[in-house]
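> Take a look at this one; I'll ask things after.
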């Protein structure tokens with residue numbers, strides 16, 4: 116994806132969104148000192164919808180390791196399977212584009228991850244894994260489980276869409292994109308703009 120970014124419908128373009136792991140040799144730490152506030156800590160750990168003015172959703176650490184994401188995320192599953200205990204280098208997590216938008220302060224990321232109730236940081240502080248081990252995951256093609264809806268009503272809030280389509284089945288995730296940006300994408304090849312996104316357990 117471009118800098119406009121495609122939300123990880125987390126049947127995403129894995130390596131573009133995650134970054135190239137092999138290129139991550141050093142931790143990117145911003146020159147400015149990030150203060151690890153409670154708000155920043157929650158954003159590093161949790162999945163949450165960004166305020167509308169920020170356009171993008173913050174899909175972060177717990178979501179990357181979640182049961183909702185892993186069945187459609189070959190890249191993360193591959194990383195987890197490389198380590199017999201299921202650990203993934205925090206340097207890789209910190210290299211993800213959306214994490215870097217939030218903070219490039221590596222110590223802040225580590226400190227936040229240590230407070231997650233769903234993740235475990237290794238004793239050396241360099242790796243993170245699920246608290247509950249990954250069971251067998253059948254990686255599925257997200258296109259087989261995705262419904263594309265066009266010409267949404269004016270009230271196209273995530274909550275309203277969930278109410279309408281929730282009558283016919285369980286909804287895992289809803290992403291709303293700017294239709295004008297989608298048309299521009301077809302012309303320029305640049306990523307369309309995500310307006311809002313939300314995941315349900």
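In our numbering, the protein residues as written are 116 to 316. Ideal Cβ positions, reconstructed from N, Cα and C, are used throughout, including at glycine.
Between residue 278 and residue 183, what straight-line distance do the alpha-carbon atoms span, to the nearest angstrom?
Taking the chain shown and counting its residues from 1, the one referred to as residue 278 is at position 163. Taking the chain shown and counting its residues from 1, the one referred to as residue 183 is at position 68. Approximately 20 Å, taken between the alpha carbons.
> Please check the pair residue 205 and residue 241, which I expect to be a contact at CB under 8 Å, by giving their CB distance rounded to whole angstroms.
Your numbering for residue 205 matches position 90 in the chain shown. Your numbering for residue 241 matches position 126 in the chain shown. The beta carbons of residue 205 and residue 241 sit about 6 Å from each other, so the pair counts as a contact at 8 Å.
> Taking residue 222 as the reference, give the member of 212, 213, 239 with the closest Cα.
Residue 222 sits at position 107 when you count from the first residue of the chain shown. The candidate whose alpha carbon is nearest that of residue 222 is 239.
> If distances are taken between C-alpha atoms only, which option among 154, 211, 244, 290 comes closest to residue 262?
The residue you call residue 262 lines up with position 147 of the chain shown. Comparing Cα positions, the closest option is 290.
> Helix, strand or coil: which one does DSSP assign to residue 208?
Residue 208 sits at position 93 when you count from the first residue of the chain shown. Helix at residue 208.
> Among the residues of its own chain, which have a CB less than 8 Å from the CB of residue 169, if the five just before and after it don't count?
Within the chain shown, numbered from 1, the residue matching residue 169 stands at position 54. Note that residue 169 has pLDDT 26, beneath the 50 cutoff, so the model's placement of it is unreliable and the number below is only indicative. Hits under 8 Å: none found.
> Do residue 219 and residue 235 count as a contact pair if the criterion is CB distance below 7 Å?
Locating residue 235 in the chain shown gives position 120, counting from the first residue. Locating residue 219 in the chain shown gives position 104, counting from the first residue. No.
> In or out: residue 196 buried (at least 16 other Cβ within 10 Å) or exposed?
For the purposes of this step, residue 196 is taken as residue 81 along the chain shown, with counting starting at 1. Exposed: under 16 other Cβ atoms inside 10 Å.
> From the DSSP output, in three-state form, read off residue 289 for me.
Here residue 289 refers to the residue found at position 174 of the chain shown. Reduced to three states, the DSSP call for residue 289 is strand.
> What is the DSSP secondary structure of residue 245, counted as helix, strand or coil?
One-based indexing of the chain shown puts residue 245 at position 130. Of the three classes helix, strand and coil, the one that applies to residue 245 here is strand, per DSSP.
> Are the beta-carbon atoms of residue 229 and residue 201 separated by less than 7 Å?
Within the chain shown, the letter at position 114 stands for residue 229. Within the chain shown, the letter at position 86 stands for residue 201. Result no, Cβ atoms of residue 229 and residue 201 do not sit closer than 7 Å.
> Would you kindly check if the distance between the Cβ of residue 226 and the Cβ of residue 175 is under 7 Å?
Counting from 1 along the chain shown, the entry for residue 175 is found at position 60. Counting from 1 along the chain shown, the entry for residue 226 is found at position 111. No, they are not a contact pair.
> Below 7 Å CB to CB, which residues in the same chain sit around residue 250 once its five sequence neighbours on both sides are set aside?
Along the chain shown, one-based indexing puts residue 250 at 135. Answer for residue 250: no residue qualifies.
> What's the C-alpha gap between residue 265 and residue 179?
For the purposes of this step, residue 265 is taken as the residue at position 150 of the chain shown. For the purposes of this step, residue 179 is taken as the residue at position 64 of the chain shown. Straight-line Cα distance between these residues: approximately 28 Å.
> Alpha carbon to alpha carbon, how far is residue 160 from residue 267?
The residue labelled residue 160 in the question sits at position 45 within the chain shown. The residue labelled residue 267 in the question sits at position 152 within the chain shown. So the alpha carbons of these two residues sit roughly 32 Å apart.
> Would you kindly check if the distance between the Cβ of residue 177 and the Cβ of residue 233 is under 7 Å?
The count along the chain shown starts at 1 and reaches residue 233 at position 118. The count along the chain shown starts at 1 and reaches residue 177 at position 62. Yes.
> Could you give the distance in angstroms between the alpha-carbon of residue 194 and the alpha-carbon of residue 286?
Your numbering for residue 194 matches position 79 in the chain shown. Your numbering for residue 286 matches position 171 in the chain shown. Cα to Cα, the separation comes out at about 27 Å.
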